[in-house]
Amino acid sequence: MPTGNGYSALSDAKACIILRPDWPEAYYRAGTALSLLKKFNTAADTFLMGLKLDPGIKELQDAFQTSAVNESIELKHEVEALKGQLAAANTYAERCKTSTLQAKEAYLAIRAEVEELERKMDDLQEERECRTSGEARANPPQAAAPRSRDRVTLPRLVR
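The opening position of the sequence shown corresponds to residue 1 in full-length UniProt numbering, with each subsequent residue numbered one higher.
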């Protein structure tokens, strides 16, 4: 079968299978087209259907084995790619976990500092209130001394 457009070849091969489902060559053509499309699992199944019709066809046997091997290789590549993706995802998750823990630790440290500053402010406010109320008790309010610009009225002296 000449290589070319795998989809067109597959369409032609399917038409052959519909017209002559008992013809092993139709399954060989369909399997070959599927192999061109890198659908090795389906190609192997299609070659196997042709072998069920005539187990003695060497081309079908070889094509079936080749498709099975190609499928195995393709699966191995997929597994390797998935392992790489999993390793990358694990690395990313670990980085996120580390940065999340660091952010949490930084937040807790800042929160502790804020709480300490709030306690100090409360203590200072309390101390200030104590001083203010203590001074008020110790020094009752006095009459204000006259200022220089205020008029002072002196009592009259009687002679």
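A virtual CB, placed ideally from N, CA and C, is assigned to each residue, including glycine.
All values reported here derive from a predicted model rather than from experimental measurement.
Would you identify the three-state DSSP class for L37, choosing helix, strand or coil? In the structure shown, L37 sits in coil (DSSP, three-state: anything other than H, G, I, E or B).
I need the DSSP call for I18, collapsed to helix, strand or coil. Reduced to three states, the DSSP call for I18 is helix.
If I measure Cβ to Cβ from R20 and keep anything under 8 angstroms in the same chain, skipping five residues before and after, which residues do I get? Cβ within range, chain order: A26.
Which whole-angstrom value describes the C-beta separation of A63 and T32, a residue pair presumed to lie in contact below a C-beta threshold of 8 angstroms? Between A63 and T32, the beta carbon gap of about 7 angstroms places them in contact (Cβ cut-off 8 angstroms).
Suppose you measure from the CA of E115 to the CA of V79; what does that come to, to the nearest Å? Each residue's alpha carbon lies about 53 angstroms from the other.
What is the DSSP secondary structure of P55, counted as helix, strand or coil? Look at P55 here: in three-state DSSP terms it is coil, with no helix or strand label.
Between R131 and E113, what straight-line distance do the alpha-carbon atoms span, to the nearest angstrom? The alpha-carbon atoms of R131 and E113 are separated by roughly 27 angstroms.
With a Cβ-Cβ cutoff of 8 angstroms, do E74 and F40 count as a contact? Going by beta carbons, E74 and F40 fall inside the 8 angstroms limit.
Could you tell me the distance, in whole angstroms, from the CA atom of A13 to the CA atom of K76? Their backbone Cα atoms lie some 29 angstroms apart in a straight line.
Are there 16 or more other CB atoms within 10 angstroms of the CB of E71, so buried, or fewer, so exposed? The residue in question, E71, is buried, as its Cβ has 16 or more Cβ neighbours within 10 Å.
Taking C-alpha atoms, which residue in R29, L34, A88 and Y7 lies nearest to G50? Cα-wise, what sits closest to G50 is R29.
Straight-line Cα distance separating A106 from L117: Separation of L117 and A106 (C-alpha to C-alpha, rounded to the nearest whole angstrom) is 17 angstroms.
If you drop the 5 nearest sequence neighbours on each side, which residues of the same chain put their C-beta closer than 8 angstroms to that of L124? Cβ within range, chain order: n/a, list empty.
In this structure, how does DSSP classify N5 when only helix, strand and coil are distinguished? Correct three-state label for N5: coil.
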